[in-house]
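Q: Protein chains in written order, with the working numbering: chain A, -4 to 174; chain B, 5 to 290; chain C, 3 to 734; chain D, 587 to 833.
Have a look at this one.
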Amino acid sequence: MARYGMLINTKKCIGCYTCLVACHRQNNLLPTENFIRFEERETGTYPNVGVENIPLQCMHCEDAPCAAVCPTGATYIGPGGVVAVEEGRCIGCKYCMAACPYQVRVVNESTGTVDKCRFCTVTATDGTKTCSCVEACLTGARTFGDLDDPESDVSKAIVELNAKPIAGDLTKAKIFYVR
Amino acid sequence: MTFVPVWGGIIACYLFLAGLGGGAFITASLVKRMHPEATGVVRVGRVIAPIVVIVGLCLLMVDARGGLYNPLRFVFLLTNPGSVMTWGVVILAVFVLAALIVLLMDLIGKNEAPAWLVWVGNVFGILTAAYTGVLLGVVNTFPLWNNALLPVLFIVSALSTGMAAVMLGGLITCPEQVKGMVDLTKVHLVLPAIEIVLFFFLLFIVAHVSTAGAASVAAMVSGGYALAFWVGIMAVGLVIPLVIEIRALRSGDNRGLAIAGDVGVLIGGYLVRYIIIVAALPVVLL
Amino acid sequence: MSEKAITRRSFLAGSAGVATLVAGGFVGFGSWKQAKAAEKTEQPVLATAHSMCNACSSKCGFTAYTIDGKLRKLIGDAENPMCKGKLCARGYGYSQIAYSKDRLTDPLRKNERGEFEAVSWDQAYSEIAEKVASIIGSDGPQAIAAVQDPRPSGKYYTTRFVNALGSANVYTHAAACDLSRASGFLQTIGASTYSSDIVNSKMTMFIGRNYADAIRPSSVAQLQQAHESGARIVIVDPRCNNTIAFADEWVPINPGTDLALILSMAHVLVAKGLYDQEYVKANGVGFDDWAAKLVSYTPTWAERITGISAGIIERLALEFAEAAPAASIEQGWRAAIGSAYRNSGETARAVCLFNTLLGCWNQKGGALFTSTVNSGALDEGRFPKVPKPAVPLLGLDDYPLANPATGSVLQAAKLAKDGAIKGMFFYQSNMAAGYANPAYLAEALGSLDLMVVIDVQMSETAMLADYVLPDTSYLERTEIPEFIDGMVPAVALRDQVIDKVLPNTRPVDQIYGELAEACGVGEYFPFTVEELADAQLRTVGLSLESLREVGTSFFADKAYAYGAVPIWNTPTGKIQFTSDACVKAGLTATPEWLAPSVMPGSDDFRLIGGKQPIHSHTQTTNIEDLMQITKDYDLTRVWMNADRAAQMGISDGDTVQISSSVHSGTVRVKVTERLNPTALWIPSHYGCSSPEQHTAYGVGLRQMDFVPFHIEPAYGSAMTEEVIVTVKKVGA
Amino acid sequence: MEDEALFSVISKCFAPLGETDWNELTERTLWTDFIDSACGASQDERALGPEVRCDGGGGEGRLTLFRKHRRVTEIETLCVPPTYAERRTFFARHFTGGLPESALPIESLYTEWSDAPGSCFGRQRGLYLGDSATYMRELVERMGLRVPDGYSACPDHLALELDLVAVMLRNGIRTEAHRFIAERFRWLPDYRVRLIGIQDDARFYIALIDLLICIQVREDRRMRTKTVAERNVSACQREETSCQRRQ
């Protein structure tokens, strides 16, 4: 079984929100329902400054705190290690939102349930070749694939670029960042 | 993007009422043991306990809109034994059940409720109060929640608000029974004092362990929630009731003041939950 | 029961009268949805069409997928030279416009009370034609003008219509965009633009151009490629914009002083003899005059003006010399050399001259004049030629350097105010909100006898109009082909993707054709847009059918080759270090230092504008998905340098009041290290004042409100950043 | 007036109509007949079959009185239909898109675009041609009818939805018509809010919408509690009489 993960190279991210809007379109989201959240970090002082744009989304953690606290089992770790939400079980208590260290879960204002990045390629039936954010990224900052396959693009890139989860070993996150 | 609190006033109210219910039941048991003649006060406590917890549960369901729109989903609530919220549902269910039976037997008046059942109620009352703290305590995103002091603070606050609610009810329905309870007044006096101490330690420690914790504490004591914290919790909820109780011990009862003090404890108790929920800031992981 | 025929008449039955229906056809909404969902997952019936985006002027090619005739997904065409397989946030977001509730559904006429009311197309046409006839009768055809933001069909049909009426007055938005650049370039190199060969360069300097926030996907890709292959990329901008991700250095220049930087770098090259002397001699005229002027522009001199240390200026010049000829100053677009300052046109001239010193024209890694293909001549029987108007484009007398292809639309506004222009048509142009001071423009356009706006939603410009004609959205029409310059020139097509959503809207080609008919010049429009597109494509060996298949087609035989000596299309046939036309227009013969018309003091700021990657000027702010990002990230904030903010006691997120001589408004502040201390930066998209745009209305401030109405001498641009503002903390 | 005619008249109130047609529609006898029928539909609540209204216990007497009072004003408003000129102005300002005062009676603009997977704009609101529009188009076609050209952007225009009800009733497929009313007209409260928000006097149209909401609520309840409904008929009739006594 594959173990899906992603690499995000913040050195290539220009903070253009394209992935966010592409994700909205792919996943039928409300304008307020953002699976991707951007953080902007400024370093240095004028005129020697640096800028880092960091897109955050569900890290599909192996130790997923959201799944641990979900009282109804709506959040679970599904095939391929994808953390998923079964909408039909979600009561919208938002305990998972509190428990998520990355604040990447959102309420669907229309159904009252909680949702988040689905690694859409894994479940897509419309011929989508990779996650819509990966497909849309203008600068190729994102790579998706099987972490268990050492030959996959994502595995090779992680090794080559020494990518690490955003918070180290905190939750065994499966999105790796190049900073 | 600025952080928006996950929960708000409704969940604060739920936590508050759950704690209050537990506290009220225990207060009733306490009164029954120490002043068996004060049946009115005992009854007030036993009426309050299940009702407020049920109201709290209803609020929880209102806030959980996914379930509100599809009530059948609440059936799934027991499917994850690892979730504190699942334990909470069990604890609250047992407590409400016990408290309701005790109340019914009390109302029917034929038989006293068996002691074991009252003890089940007492134990689950404490658990209910503790649960509200543990629910937040296990969330390690927020340093303000993620510490062992918070559940203790919530238990003390639950007992304090529960007692205040019972006393308030007593003062309104049967003031003459309340009059003689000097010993309880002493307990009632000690709780806010303990709370102030706990609060001090909680804020001190949280402010020192992480930047997010420090920011949360700053938001409470000097930021956007400072007014609610100092006036609502500290003055109205803790210090003024304390002063009123001390005064009562020294120079005798004053019904009006006692009512004011109890109302203050209740307001403060609610604000404790509310501010701890909304002022908590997450650890920044970038 | 009195049953009248009327109550038995049904809309659904058509004209026949009473309907009889198949009872078994009824199905409840729930079951219908279920069946629909099942049908889609089993066998989604996807239809595809190639088209071009309209979210900005790049016109990226994409394939649109539809299900049941409704839009499902857009995917950038890998072949298309603008997008290279990628669309940006605006491209995805803007597709919603086709279905927006804020779209115009019917032709509108403003009534006596100043309110719009729906009228029939015929009524609108005949009333407009009547007014056109009366204007032409009293003031001649030159009193008619049109403004358009170039789009394939819009450009063609607007021009044809106005010319058919006998007027040459067709303007674009250039005066608020790249007019000074195009005009300055024309004076020096005889071409209105060029393309820096960034990918192959050793060094490229960007002046006020920002690929990462004003996105064209292929440009972003080129820059990234250049950066990754080691080219030295330098960003000259008062703001450290997001392009810094692919740049090596940010030069935080004082806004409005780019000319001084270029002159001073030229000084270094000339003084040290580090320029391509042979090239200059062979291709230039008047170099010695410029060299004489350059003597005084030392880096120390420039340091005082630009805020950039002399050492850095000298180093940059030496790096350029080292990298030449695989180096250039990138062509820029809007802002610094496009239309922002009194010296924008002169800065544009200096940029070309500096590139000449590098000898980089048509050199690999330098500045290129890439290949172009255009439609050949068409059969005049089917596509009759419109006679050349007797009176040339108005406004060129006052602004003689302005590129005649676009003219100065601001001078046109002035002429409207003065009564020389009496009737104006607008296509896909939000002049009133975006080109210059909106209060002035409202007054100027308000004095027109006839103002007609063709658009998809009620823009601020449309609000001022007498007639508003509802256009179809870009997804609902076929346009004439778009020819694209490049290393390999190409042609792309905007084709119809979905059926017309709103039945009473009409595509621009039809509107202009019918207007022409009503105005009595219908003989110039005896063809459909498909016929025209096909005929144009056949002149280059393609057909509409063949282009529909692929979306984008290349002319490999016309591919660009390095090294060709350009034909300098100037009066002297050389690169003009000196220009007689400039002298005639009241400027100096060679570009010399020309200070901006205003300079901020220590207590105030220059208000500069810029783009965010989710919006195209004012055009996309009514798209809910995009506007939600603005709200989530508080993107309407103005940027202020951290030191200045600290001095003024302003912290991040505070609300401030900004005041210029003509306007005042309040907004929150983003305190940042990424901005030159003399500038206050404002995003240029917000402050929509059209209540018809429910999403955009009232969000943020509008940059143009703060800018007094003024025009760059000789060049005719808007000088959008010649404005000083004071900032006051609200509640302090 | 038959139910089908009632719906047909309301439909025409929301549709563009020529002057002759409008004058014919609002001609005295026909309009009086319509008003009678509207009164029936809103007051004795028998227009569409057996009554099921039950507003709960206790205080419903006063509530009913209040409602009756409101309905009386509604009916009064309906008694004087706008003249053709008034109507034309209203349509030009409010039933035209893209204006600040636009209030198009189109279901898609007041409901979620689509909740089906594989749609472009998902659950956003305020977009033409949402699921309700596709449904209407397909339904109309399945029933052997055709959406007229002017409505291609809005097969879920209120005029068409009402017209379809009229056609169904006329052809005797009443159960389906009732179900359609219950399902489709749920967007009308949101539309009513929009009508209240416009600057002009929209009372005539609001009154029509109120009438429809009243019918929809009843049909919806009836659909959900068909069996309960029958049991309650007598109870409600009792309430009706007691209410009349109090008056």
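Note that beta-carbon positions come from the ideal geometry of N, C-alpha and C, so glycine has one too.
1) Mind listing which residues of the segment 8 to 27 of chain A have their C-beta closer than 8 angstroms to chain D's C-betas, in chain order?
2) Which of the three DSSP states, helix, strand or coil, is assigned to Lys112(C)?
3) In the DSSP output, what is Gly286(C) paired with across the bridge?
4) Could you spell out the range, first to last residue, of the beta strand (DSSP E) harbouring Asn126(B)?
5) Any idea if Gln785(D) is buried or exposed, counting beta-carbon neighbours within 10 angstroms, 16 or more meaning buried?
6) Which residues mark the beginning and the end of the beta strand (DSSP E) in which Lys730(C) is found?
7) Taking C-alpha atoms, which residue in Ser719(C), Trp363(C), Val531(C) lies nearest to Gly565(C)?
8) Using a threshold of 8 angstroms, state whether the C-beta atoms of Thr302(C) and His269(C) are closer than that.
9) Does DSSP classify Leu798(D) as helix, strand or coil?
10) Per DSSP, what kind of secondary structure is Leu19(B) in: helix, strand or coil?
11) Less than 8 angstroms separating the beta-carbons of Ile237(B) and Ile279(B)?
12) Given that Leu133(A) touches chain C, what residues does it touch there, using C-beta distances under 8 angstroms?
13) For the putative contact between Lys586(C) and Pro402(C), defined by C-beta atoms under 8 angstroms, what is the C-beta separation to the nearest angstrom?
14) So, helix, strand or coil for Lys88(C), using DSSP?
15) Rounded to the nearest angstrom, what separates Val205(B) and Asn150(B) at their Cα positions?
16) With a threshold of 8 angstroms, are at least 3 pairs of Cβ atoms found where one atom belongs to the segment 622 to 640 of chain C and the other to the segment 666 to 673 of chain C?
17) The alpha helix (DSSP H) spanning Ala392(C) covers which residue range?
18) With DSSP as the reference, label Pro685(C) as helix, strand or coil.
19) List, in chain order, every chain E residue whose beta-carbon is nearer than 9 angstroms to that of Phe33(A).
20) What do you get for Leu634(D), buried or exposed, if any count of 16 or more other CB atoms within 10 angstroms of its CB means buried?
21) Pick from Tyr159(C), Gly588(C), Asp605(C): whose alpha carbon is nearest that of Phe385(C)?
22) Return the chain-ordered list of same chain residues with a C-beta closer than 7 angstroms to the C-beta of Met207(C), the five sequence neighbours on each side being excluded.
23) Contact criterion: CB-CB distance below 8 angstroms. Does Glu762(D) meet it with respect to chain A?
24) Output, in chain order, the set of chain A residues within a Cβ distance shorter than 8 angstroms of Trp11(B).
25) Return no unless some Cβ of chain A is closer than 8 angstroms to the Cβ of Ser594(D).
26) What residue range does the beta strand (DSSP E) around Leu96(B) cover?
27) Against Ser105(A), what residues of chain D qualify as contacts under a CB-to-CB distance less than 7 angstroms, listed in chain order?
28) Could you pull out every residue in the same chain whose Cβ sits closer than 7 angstroms to the Cβ of Asp487(C), ignoring the five residues on either side in sequence?
29) Determine the closest residue to His617(C) out of Cys58(C), Val47(C), Arg10(C), with distance taken between C-alpha atoms.
30) Would you report the Cα separation of Ile246(C) and Leu76(C), rounded to the nearest angstrom?
31) Please state whether the Cβ-Cβ distance between Leu139(B) and Gly173(B) is less than 8 angstroms.
32) Return the chain-ordered list of same chain residues with a C-beta closer than 7 angstroms to the C-beta of Asp701(D), the five sequence neighbours on each side being excluded.
33) Would Thr134(A) and Val222(C) qualify as a contact pair, given that the criterion is a beta-carbon distance under 8 angstroms?
34) In whole angstroms, give me the CA-to-CA distance for Thr722(C) and Lys387(C).
35) Identify the continuous beta strand (DSSP E) that holds Arg137(A) and give its terminal residues.
36) Roughly how many angstroms lie between the CA atoms of Thr43(B) and Tyr18(B), to the nearest whole one?
A: Quick look at the numbers:
1) Under the 8 angstroms Cβ criterion, the segment 8 to 27 of chain A contributes His19, Arg20, Asn22, Asn23, Leu24, Leu25, Pro26.
2) Here Lys112(C) carries a strand assignment [DSSP, helix/strand/coil].
3) Answer is Ile577(C).
4) Looking at the DSSP string, Asn126(B) is not in any beta strand (DSSP E); the run it does join, the alpha helix (DSSP H), is 119 to 141.
5) Gln785(D) should be labelled exposed.
6) Residues 726 to 731.
7) If we check each option's Cα against that of Gly565(C), Trp363(C) comes out closest.
8) At the C-beta level, Thr302(C) and His269(C) stay beyond 8 angstroms of one another.
9) Here Leu798(D) sits in helix by DSSP.
10) Secondary structure at Leu19(B): helix, using DSSP grouped into helix, strand and coil.
11) The Cβ atoms of Ile237(B) and Ile279(B) sit closer than 8 angstroms to each other.
12) Near Leu133(A) (Cβ distances below 8 angstroms), the residues of chain C are Lys88, Cys90, Ile217, Pro219, Val222, Ala223.
13) With a contact defined as Cβ atoms closer than 8 angstroms, Lys586(C) and Pro402(C) qualify at about 7 angstroms.
14) DSSP places Lys88(C) in the coil class of the three-state scheme, outside both helix and strand.
15) Going by the sequence as given, residue 205(B) is Phe instead of Val. Near 14 angstroms, if we compare the C-alpha coordinates of Asn150(B) and Phe205(B).
16) With a cut-off of 8 angstroms on Cβ pairs, the segment 622 to 640 of chain C is in contact with the segment 666 to 673 of chain C, counting three or more such pairs.
17) Counting along the chain, Ala392(C) falls outside any alpha helix (DSSP H), and DSSP gives it neither H nor E.
18) Secondary structure at Pro685(C): strand, using DSSP grouped into helix, strand and coil.
19) The structure shown has no chain E; the protein chains it does contain are A, B, C and D.
20) Annotation note: pLDDT 45 at Leu634(D) (below 50); position unreliable, coordinate value reported separately. When all chains shown are included, Leu634(D) counts as buried.
21) Closest option to Phe385(C), Cα to Cα, is Tyr159(C).
22) Cβ within range, chain order: Val236, Val238, Ile331, Glu332.
23) No, Glu762(D) lies away from the interface with chain A (no Cβ there is under 8 angstroms from its Cβ).
24) Here the neighbours are Lys89, Ala93.
25) Chain A, which has no Cβ nearer than 8 angstroms to the Cβ of Ser594(D), makes this no.
26) In the DSSP assignment, Leu96(B) falls outside any beta strand (DSSP E) and lies within the alpha helix (DSSP H) extending over 88 to 112.
27) In chain order: Glu698, Arg709.
28) Excluding sequence neighbours, Asp487(C) sits near Thr372, Ser373, Thr374.
29) Looking at the Cα atoms, Cys58(C) is the closest of the given residues.
30) For the pair Ile246(C) and Leu76(C), the Cα-to-Cα distance works out to about 29 angstroms.
31) Contact: no.
32) For Asp701(D), where only same-chain residues beyond five positions count, the Cβ hits under 7 angstroms are Arg709.
33) The Cβ atoms of Thr134(A) and Val222(C) lie closer than 8 angstroms to each other.
34) Their backbone Cα atoms lie some 38 angstroms apart in a straight line.
35) 137 to 141 is the span of the beta strand (DSSP E), which, as asked, contains Arg137(A).
36) Distance between the alpha carbons of Thr43(B) and Tyr18(B) is about 28 angstroms.
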